[in-house]
Amino acid sequence: MTLKFPIYMDNHATTPLDQRVLAAMLPYFTQDFGNAASRTHAYGWQAEAAVEDARETIADYIGAESGKEIVFTSGATESDNLAIKGVAEYYKGKGNHIITTTIEHKAVLDSCKRLEKEGYSVTYVNAGPDGLISPADIEKAITDKTILVSVMLANNEVGTIQPIAEIGAITRARGVLLHCDAVQGFGKTPFDVRAMNVDLASLTAHKVYGPKGVGALYVRRSKPRVRLVAQMDGGGHERGNRSGTLNVPGIVGFAKAVQIFKQEGVAEADRIRGLRDRLHGKISKELDAVFLNGHPEKRLPGNLNLSFSFVEGEGLMMAIKDVAVSSGSACTSASLEPSYVLRSMGLDEELAHSSIRFGLGRFNTEEEIDYVAELVIAKVKRLRELSPLYEMHQQGIDIKSIQWAAH
Amino acid sequence: MAYSEKLLDHYENPRNVGSLDKDDPSVGTGLVGAPACGDVMRLQIRVSPEGVIEDARFKTFGCGSAIASSSLATEWIKGKNIDEAATIKNSQIAEELSLPPVKIHCSVLAEDAIKSAIEDYKAKRAARAALNAELPLSSADEAALPASL
């Protein structure tokens with residue numbers, strides 16, 4: 271088999287649509303195009319039936335009690351906004367305090383920032399050096415004003431899987447709602463809203479080989495019944511939680527993607543973990559001063575986040591342009607700040623600038639892994655020959671002992 | 599981000615990579631930037647007694663634009679008088695490489711590296727001149743001075 275370039279290893283950003291998902295979606299664009307809210311004819315009924323089926327499939331996969339607990343949205347950003355702002359608004363009589371973490375996705379962090387401007391107070395819990403959130407830190411932050419805790423299932427940069435069940439036990443005991451942004455972990459690590467005492471969960475289709483533009487918010491309906499204030503006004507779709515005509519083909523595709531995970535997810539995770547470990551093994555064998563960011567075991571099977579000391583991340587990405595990856599380097603962001611996730615884990619700024627995230631997925635092959643490993647090794651070696659820091663390191667000069675002028 | 603062909607050429611085939619002996623009195627070294635900021639440039643020049651830059655070398659930790667900016671800087675200053683080299687502006691480097699706005703700081707760093715190397719050379723020369731003034735030496739003695747001075 272010949273390799274197809276660039277090799278896609280950025281599956282945390284998005285995933286290609288699985289052909290089986292596409293096949294399931296296609297009829298809903300042209301033949302079965304009805305509006306799921308149309309109650310007066312077969313087109314509408316058919317669309318509604320497809321949506322209800324999808325609800326049950328997704329609900330069942332995350333351990334929800336019923337499909338009624340699934341609110342379809344346009345994606346995870348909307349789900350996060352709806353969960354956080356919707357809960358905050360509904361429960362403001364009860365309290366005004368929210369707890370989240372410094373390593374959440376911007377959709378969570380910026381929703382919280384918005385609420386702070388509106389008078390809510392938010393505690394941002396820091397991750398440990400391995401990217402883990404300590405349940406004890408969450409518990410310590412809970413006050414009698416706390417209404418919601420929001421913690422992600424797995425981090426999008428370093429892949430660390432959070433102890434959601436332990437956090438859920440705490441929030442349940444303290445009578446606080448738990449929202450989990452499950453976007454990255456869903457399908458790749460066990461997730462069960464009932465077993466973990468999760469009250470709200472954000473999901474999206476395009477991270478699990480489904481289409482872009484469709485997501486869901488799980489909203490618990492019993493013990494406790496979670497209430498939201500809708501953030502989108504209109505026809506009162508989704509039990510009044512989210513107005514807007516349903517994206518029927520997208521929803522059908524989402525459910526098909528979930529069904530594939532239900533059948534193949536466990537075996538797939540094992541295979542991808544094997545590829546990830548192969549890539550890591552080859553790189554570590556040939557290069558010194560390479561550091562793994564995130565927890566060594568409690569991490570997503572497809573995630574390999576490495577810092578190549580003395581080499582800048584974007585410079586390296588340019589050298590390996592045959593591979594689609596991402597970096598925590600400042601140079602890849604408009605802000606010129608390195609990744610806030612890596613910094614909040616306490617990583618040295620130099621190492622944050624030197625990080626590359628490999629995100630492996632369903633369609634990566636062993637051949638690709640071997641090609642990428644060789645390429646990365648050769649290019650890191652070349653860039654280190656260009657690096658004054660590597661020369662200092664070889665001469666035994668401690669880079670931290672130098673007075674650098676910040677610029 | 600789409601980079602210019604010139605930039606990619608300098609990045610893929612960087613000119614004048616390497617080191618000069620920083621203890622050599624005819625060598626000036628500029629080390630600018632900071633690892634925490636994601637770019638560090640070291641630019642070195644060897645200057646003739648007439649003040650002409652005979653050789654230039656660099657090593658850079660940074661993104662592609664930073665590597666290309668320093669490579670171009672060494673190419674431009676070689677053969678120039680130090681006073682002439684000191685007039686190179688970051689805007690000229692940015693223009694030559696068509697740096698996108700977010701990468702302008704890379705060219706600023708390259709300009710700083712040139713200036714810093716020239717200043718280092720001048721400081722060495724001044725220190726040496728001061729030493730010579732204190733201990734008047736014949737030109738033959740001066741030629742015999744150890745390189746470490």
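Note that the protein sequences, when read in sequence, are chains A and B.
Quick note on numbering: the first sequence equals residues 271 to 677 in our numbering.
Quick note on numbering: the second sequence equals residues 599 to 747 in our numbering.
Beta carbons: idealized from backbone N, C-alpha and C, even for Gly.
Inset, instruction - Compare the beta carbon distance of F420(A) and V378(A) with 9 Å and say whether it is the shorter of the two. - result: Within the first sequence, residue 420(A) is the residue found at index 150, counting from 1. Within the first sequence, residue 378(A) is the residue found at index 108, counting from 1. According to the sequence shown, residue 420(A) is Ser rather than Phe. Yes, they are a contact pair.
Inset, instruction - To the nearest angstrom, report how far apart G523(A) and G483(A) are at their CA atoms. - result: As a position in the first sequence, residue 523(A) is number 253, starting the count at 1. As a position in the first sequence, residue 483(A) is number 213, starting the count at 1. Whole-angstrom Cα-Cα distance: 11 Å.
Legend entry - CB contact check: L615(B) to chain A, cutoff 9 Å: Here the question's residue 615(B) lines up with position 17 in the second sequence. Strictly speaking, residue 615(B) in this sequence is Val, with Leu absent from that position. Interface residue, yes.
Inset, instruction - Just the chain A side, please: which residues come within less than 8 Å of D637(B) by C-beta, in chain order? - result: Here residue 637(B) is taken as the residue at index 39 of the second sequence, counted from 1. What D637(B) touches in chain A: E582.
Legend entry - First through last residue of the beta strand (DSSP E) which encompasses V428(A): Position 158 of the first sequence, counting from 1, holds the residue named residue 428(A). V428(A) -> no beta strand (DSSP E), and no H or E assigned at all.
Inset, instruction - Compare the C-beta of L612(A) with all C-beta atoms of chain B and state if any pair is closer than 9 Å. - result: Here residue 612(A) is taken as the residue at index 342 of the first sequence, counted from 1. Chain B, which has no Cβ nearer than 9 Å to the Cβ of L612(A), makes this no.
Legend entry - H552(B) to S625(A) span [Cα, whole Å]: Look at the range of chain B in this structure, 599 to 747, and you will see that residue 552(B) is not part of it.
Legend entry - chain A contacts from the segment 672-688 of chain B (Cβ-Cβ distance under 7 Å): none
Legend entry - Whether T371(A) touches N351(A) by CB criterion (9 Å): Numbered from 1 along the first sequence, position 101 holds the residue referred to as residue 371(A). Numbered from 1 along the first sequence, position 81 holds the residue referred to as residue 351(A). Their beta carbons are not under 9 Å apart, which means T371(A) does not touch N351(A) by this criterion.
Inset, instruction - Below 8 Å CB to CB, which residues in the same chain sit around C661(B) once its five sequence neighbours on both sides are set aside? - result: As a working mapping, residue 661(B) is identified with position 63 in the second sequence. Here the set comprises G636, D637, K701 and C704.
Inset, instruction - Please list the segments of the beta strand (DSSP E) lying wholly inside the segment 614-667 of chain A, counting only runs of 3 or more residues, in order along the chain. - result: 625-629
Inset, instruction - Determine, using beta carbons only, whether P433(A) comes closer than 9 Å to chain B. - result: On the first sequence, position 163 is the one that residue 433(A) refers to. No, because no Cβ of chain B sits closer than 9 Å to the Cβ of P433(A).
Legend entry - For F524(A), the first and last residue of its enclosing alpha helix (DSSP H): One-based indexing of the first sequence puts residue 524(A) at position 254. Per DSSP, F524(A) belongs to the alpha helix (DSSP H) from V518 to E556.
Inset, instruction - Look at the alpha carbon of D618(A) and the alpha carbon of I672(A), and state the distance between them as a whole number of angstroms. - result: Position 348 of the first sequence, counted from the first residue, corresponds to residue 618(A). Position 402 of the first sequence, counted from the first residue, corresponds to residue 672(A). Cα to Cα, the separation comes out at about 15 Å.
Legend entry - Cβ distance (whole Å) where T515(A) is taken to contact A307(A) below 8 Å: As a position in the first sequence, residue 515(A) is number 245, starting the count at 1. As a position in the first sequence, residue 307(A) is number 37, starting the count at 1. That belief holds up - the Cβ atoms of T515(A) and A307(A) are roughly 7 Å apart, short of 8 Å.
Inset, instruction - Classify S609(A) as buried or exposed, calling it buried when 16 or more other Cβ atoms lie within 10 Å of its own Cβ. - result: As a working note, residue 609(A) is residue 339 in the first sequence. The residue in question, S609(A), is buried, as its Cβ has 16 or more Cβ neighbours within 10 Å.
Inset, instruction - With F656(B) as the anchor, note down where its beta strand (DSSP E) starts and where it stops. - result: On the second sequence, position 58 is the one that residue 656(B) refers to. Per DSSP, F656(B) belongs to the beta strand (DSSP E) from I651 to F659.
Legend entry - Contact set for V642(A): own chain, Cβ-Cβ below 8 Å, skip 5 residues either direction: Here residue 642(A) refers to the residue found at position 372 of the first sequence. I277, M279, L549, I590, V593 and F628.
Legend entry - Short CB-CB distance (under 9 Å) between G755(B) and chain A: For chain B, the structure presents residues 599 to 747; residue 755(B) sits outside this window and is missing.
Legend entry - Candidates D407(A), V392(A), V581(A) and Y390(A): closest to G398(A) by CA position: The count along the first sequence starts at 1 and reaches residue 398(A) at position 128. Looking at the Cα atoms, D407(A) is the closest of the given residues.
Legend entry - Partners in chain B for S599(A), counting only beta-carbon separations shorter than 8 Å: For the purposes of this step, residue 599(A) is taken as residue 329 along the first sequence, with counting starting at 1. Ordered by position in chain B, the residues that pass the 8 Å Cβ test against S599(A) are G636 and C661.
Legend entry - Distance CB(G628(B))-CB(L618(B)) smaller than 9 Å: As a first step, residue 628(B) must be located in the second sequence, where it is residue number 30. As a first step, residue 618(B) must be located in the second sequence, where it is residue number 20. In this structure, L618(B) does not lie closer than 9 Å to G628(B) by Cβ.
Inset, instruction - Check whether the segment 435-448 of chain A touches the segment 379-389 of chain A, counting contact only when three or more Cβ pairs, one atom from each stretch, lie closer than 8 Å. - result: no
Inset, instruction - Going by CA-CA distance only, name the one from T658(B), S624(B), T685(B) and R726(B) that's closest to A632(B). - result: The count along the second sequence starts at 1 and reaches residue 632(B) at position 34. Minimum Cα distance to A632(B) is reached at T658(B).
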